[in-house]
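In my numbering, the protein residues as written are 8 to 420.
Just so you know, even glycine gets a beta-carbon here, dropped at the ideal spot from N, CA and C.
Here the structure is a predicted model, which is why all the values come from computation and not from measurement.
Down below is the structure, laid out as structure tokens.
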Ligand SMILES: [Zn+2]
Ligand SMILES: [Zn+2]
């Protein structure tokens, strides 16, 4: 078996990994670099030099496997040849096909040959058997276990061990013991570890609840709608505090996808949830065409209703509504910022609210101590670092022989 990492050996995100034998080539993730999020350059500028995957080539890759719903793992998919099967969870398929095009221009995967793969299910692709292994990170995230009958490789994708789904990541270590290679993410290897104020998803829930319970002001919460754990924490905090939650039609649509696959996730029909229909102009036609405005008509709420008792509401990621309530109606407010703090340095959306920002967030990635325990239980023969800026530290930190690769380097395993 050979490996070639086209991107991700020396950066956080943009993963694109090839495993091959004489007869078979498969790819794990097809990501865009995280740095691309700030730029307006076309997606084609970020192609990796992997032959036989793009729409204008004769396909020579047998299958692609995608771990989860973050662009640094699936962002190149619109360029892929529709003849190549792309395997992913049903959740990811629903998000990419029905939700992502609503908010991203030029993102169209409707022509792709998408195949669903269930948790702990295997598929045979030529010489490889590939098994999807659930991990704690994003909605229905997978790692993959791959074997050609001679060598076994485990790929973590992105992974953490501190939400209500942490049992999945722990199970991966026990289910896939003693692999020949563990391709492991190391996002937080480079970030100086200080005592975190919110080390777990549960502490985030309690932190949000404390703020909205102890305040008489309306609250705005900005978090990723594509983080199902965070969405649930916010809903739980609203229920525990007797507040109503106002969300966008897009967020309602995502919640519906989550709820349809996992009944433990609240329904958008829950009593405390309302939908604000004031969508930004460029998006409105897409939302209308997708039937979202009609679907959530019974849940519609307007500004006048909110203004009657603003202290009873939490507004989740509705920038247009924030502006109306603050600029036009001069409301005082709490603003809970619940995403990666690094975005605050890059973008200026939140500058306007800077004096009100209360930061409550926990990472989507494992800390070093959790990774050490994970490695100890799994006991791989070798580690291959990925999704990290610190590949040369792995051997020292984990005490296991490490294969340090460079992007585009082909190595026999
Ligand atoms: Zn990632
Ligand atoms: Zn991720």
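A residue is called buried once 16 or more other Cβ atoms fall within 10 Å of its Cβ, and residue 234 is buried on that count. Using a 10 angstroms sphere on the CB of residue 398, the tally of other CB atoms reaches 16 or more, which defines it as buried.
Residue pairing by DSSP places residue 95 opposite 123 in a beta bridge. For the set 261, 38 and 205, the Cα lying nearest the Cα of residue 106 is the one of 261.
Residue pairing for residue 14: DSSP places it in a beta bridge opposite 23. Following the DSSP letters along the chain, one finds residue 139 inside the beta strand (DSSP E) bounded by residues 135-141. Exclusion of the five residues before and after residue 366 leaves 344 and 348 as the residues of its chain whose Cβ lies within less than 7 angstroms of its Cβ. The three-state secondary structure of residue 40, taken from DSSP, is strand.
In this structure the segment 210-219 lies against the segment 244-252, because at least three pairs of beta carbons, one per stretch, are closer than 8 angstroms. Counted as a single uninterrupted DSSP element, the alpha helix (DSSP H) harbouring residue 78 occupies residues 78-81. For residue 213, the enclosing alpha helix (DSSP H) starts and ends at 208-220.
DSSP places residue 292 inside the alpha helix (DSSP H), whose first and last residues are 291-296. Check the Cα spacing between residue 239 and each of 298, 170 and 181: the tightest is with 170.
For residue 52, there is no enclosing alpha helix (DSSP H), since its DSSP letter is neither H nor E.
Taking the Cα positions, residue 307 is about 54 angstroms away from residue 411.
For residue 385, the uninterrupted alpha helix (DSSP H) segment begins and ends at 375-385. Under DSSP, residue 191 takes part in a beta bridge, and its partners are 392. The C-beta of residue 353 has fewer than 16 other C-beta atoms within 10 Å across all chains shown, which makes the residue exposed. Per DSSP, the unbroken beta strand (DSSP E) holding residue 365 starts and ends at 364-366.
Between residue 152 and residue 163, the C-beta gap is not smaller than 8 angstroms, which leaves the two residues out of contact. Relative to ligand 2, the beta carbon of residue 165 is positioned inside 7 angstroms of a heavy atom.
Not one heavy atom of ligand 2 is found less than 7 angstroms from the C-beta of residue 355. In this chain, the alpha helix (DSSP H) harbouring residue 182 covers 173-182.
Taking non-hydrogen atoms of ligand 2 into account, the C-beta of residue 371 is found less than 7 angstroms away from one of them. Comparing alpha carbon positions, the residue from 160, 116 and 361 closest to residue 182 is 160. In the DSSP assignment, residue 149 is bridged to 141. Here residue 34 really is in contact with residue 71; their C-beta atoms are around 5 angstroms apart, less than 8 angstroms. Taking each of 67, 179 and 104 in turn and checking the Cα distance to residue 387, the smallest one comes out for 179.
Proximity of the beta carbon of residue 144 to ligand 2 is indicated: a heavy atom of the ligand is located closer than 7 angstroms.
A check of alpha carbon separations from residue 150 across 113, 101 and 96 identifies 96 as the nearest. Contact between the segment 72-88 and the segment 105-121 is established, with three or more Cβ pairs separated by less than 8 angstroms. Per DSSP, the continuous alpha helix (DSSP H) segment holding residue 240 begins and ends at 235-248. Taking a 10 Å sphere around the C-beta of residue 194, we find 16 or more other C-beta atoms and assign the residue as buried.
With a cutoff of 7 angstroms, residue 75 counts as near ligand 2, since its C-beta is closer than that to a heavy atom of the ligand.
Separation of residue 253 and residue 67 (C-alpha to C-alpha, rounded to the nearest whole angstrom) is 47 angstroms.
In this structure, residue 414 has its beta carbon at no less than 7 angstroms from each heavy atom of ligand 1.
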